[in-house]
Amino acid sequence: MACMSTLLLAGCGDGVHRVNITGVLTVQKKPIDGAVLQLIPKGTTSGDGGIGGADRDGKFTVVSSRGEHPGIPPGTYTVLVSRLVDQDGTLLPEGAGQAEYPDGFDSVPPPYSTGNSPLEITVTDENKTFEIDVPVALRTSLRR
């Protein structure tokens with residue numbers, strides 16, 4: 000019976016090798032709170048990528064994009080950073096969207112918040128802690 004339980008538990012995973020990723024997210028070398036980073040696989044990197052949220056010290060942990068697993072497969076990733084604020088610059092509540100805050104905007108300027116972001120990391124079993132810096136100031140308003 001114990002062997003059967005072990006076999007059943009072993010079959011519950013998806014068999015994908017993942018690396019637990021942690022780090023600090025900064026803007027101009029200062030920790031940023033309330034930002035979300037998204038890791039988009041590049042080239043031959045497998046998987047759907049990952050996502051992580053920065054706490055008040057800028058510290059983050061990455062989970063799979065679907066939130067089902069800690070970590071992401073080894074490989075190279077483009078890093079997108081987003082920090083949604085209201086028109087007065089107040090950080091929006093977690094999970095808030097355009098419908099609830101029509102005047103809200105992403106305070107992280109392009110290209111760092113878009114698919115053209117120059118930010119990139121390479122994840123390996125040995126390389127799993129990162130300091131990611133957005134080298135430009137956050138936007139305080141959205142020019143229309």
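With numbering that gives the first Met the number 0, letter number 112 in the sequence shown gets 111, and the count goes up by one each step, no holes. Idealized CB from N, CA, C, for every residue including glycine.
Give a yes or no on whether the C-beta atoms belonging to Ser112 and Val61 are separated by under 8 Å.
As a working mapping, residue 112 is identified with position 113 in the sequence shown. As a working mapping, residue 61 is identified with position 62 in the sequence shown. No, these two residues do not count as a Cβ contact at 8 Å.
With a 10 Å radius around its C-beta and 16 neighbouring C-beta atoms as the bar for buried, classify Ser116 as buried or exposed.
For this step, residue 116 is matched to residue 117 along the sequence shown. Per the 10 Å Cβ criterion, buried.
Have a look at the DSSP bridge pairing and note the partners of Val122.
Here residue 122 refers to the residue found at position 123 of the sequence shown. In the DSSP output, where bridge partners are listed per residue, Val122 has Gly74.
Given Gly48, which residues of its chain have a CB within under 7 Å of its CB, disregarding the five upstream and five downstream residues?
Position 49 of the sequence shown, counting from 1, holds the residue named residue 48. Hits under 7 Å: Gln37, Leu38, Ile39, Pro40, Ser64, Ile71 and Tyr76.
Who does Val23 pair with in a DSSP beta bridge?
By 1-based counting over the sequence shown, the position of residue 23 is 24. Paired residue(s): Lys58 and Glu130.
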